[in-house]
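Step one of this worksheet: look at the structure below.
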Amino acid sequence: MEEIIERIMRGEIKDEEVLEIYKEYLKVKDEVSYLEDLLDDLELLCRRFEEIKDSVKGLKYLIPKVSKYLNCKESVEETLRVLDNFEKLDLNHYYEVRARYFNELETLKKKLNQLEKKLKEAVDGRE
Numbered sequence: 491m492e493e494i495i496e497r498i499m500r501g502e503i504k505d506e507e508v509l510e511i512y513k514e515y516l517k518v519k520d521e522v523s524y525l526e527d528l529l530d531d532l533e534l535l536c537r538r539f540e541e542i543k544d545s546v547k548g549l550k551y552l553i554p555k556v557s558k559y560l561n562c563k564e565s566v567e568e569t570l571r572v573l574d575n576f577e578k579l580d581l582n583h584y585y586e587v588r589a590r591y592f593n594e595l596e597t598l599k600k601k602l603n604q605l606e607k608k609l610k611e612a613v614d615g616r617e
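Each residue of the sequence shown is one higher than the one before, counting from 491 in this note's numbering.
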């Protein structure tokens, strides 16, 4: 495949059909790369949320113990409410989005493989 791309880039292959297939190949390859990066980011986001939720549990345990020595009951209660709300965050939406993008990525990878074959066949058929 690399050889074909190099030949196209050097201008050795000028057949319109081959060039159209190559343009489509590049477009799909870019989409695959974008989705892979997006999935990595979503994975990191979900992992970080889970880590923070675990930290929140620890904070909710410690804050009441420490608050015995502080004279700021209202601030402690507000902090605990905020932590409760964070702990209730539902990550299912992120997991659903990730699954949808993963499926789309798999479809695009199949299309990319088909385009590679089509491009090779088109080049081989012209020679």
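We treat Cβ as the ideally placed atom computed from N, Cα and C, and that holds for glycine.
Cβ-based burial, residue i [other Cβ within 10 Å; buried from 16]
i, result
"I542", "exposed"
"V613", "buried"
"Y515", "buried"
"Y478", "With the chain covering only 491 through 617, there is no way to say anything about residue 478."
Delimiting residues of the alpha helix (DSSP H) encompassing residue i
i, result
"R538", "506-557"
"E492", "492-499"
Cβ-Cβ distance between residue i and residue j below 8 Å
i, j, result
"L602", "L529", "no"
"L581", "L525", "no"
"N566", "S557", "Checking the sequence shown, residue 566 turns out to be Val, not Asn. Going by C-beta atoms, V566 is nearer than 8 Å to S557."
"K550", "L579", "no"
"Y584", "L535", "yes"
"L605", "V518", "yes"
"V572", "L532", "no"
Residues near residue i in its chain [Cβ-Cβ closer than 8 Å; skip 5 each side]
i, result
"F539", "L579, L581, Y584"
Close Cβ partners of residue i (< 6 Å) along its chain, the five nearest in sequence each way excluded
i, result
"I503", "R497"
Complete beta strand (DSSP E) runs within the segment 551-614 (minimum length 3 residues, chain order): none
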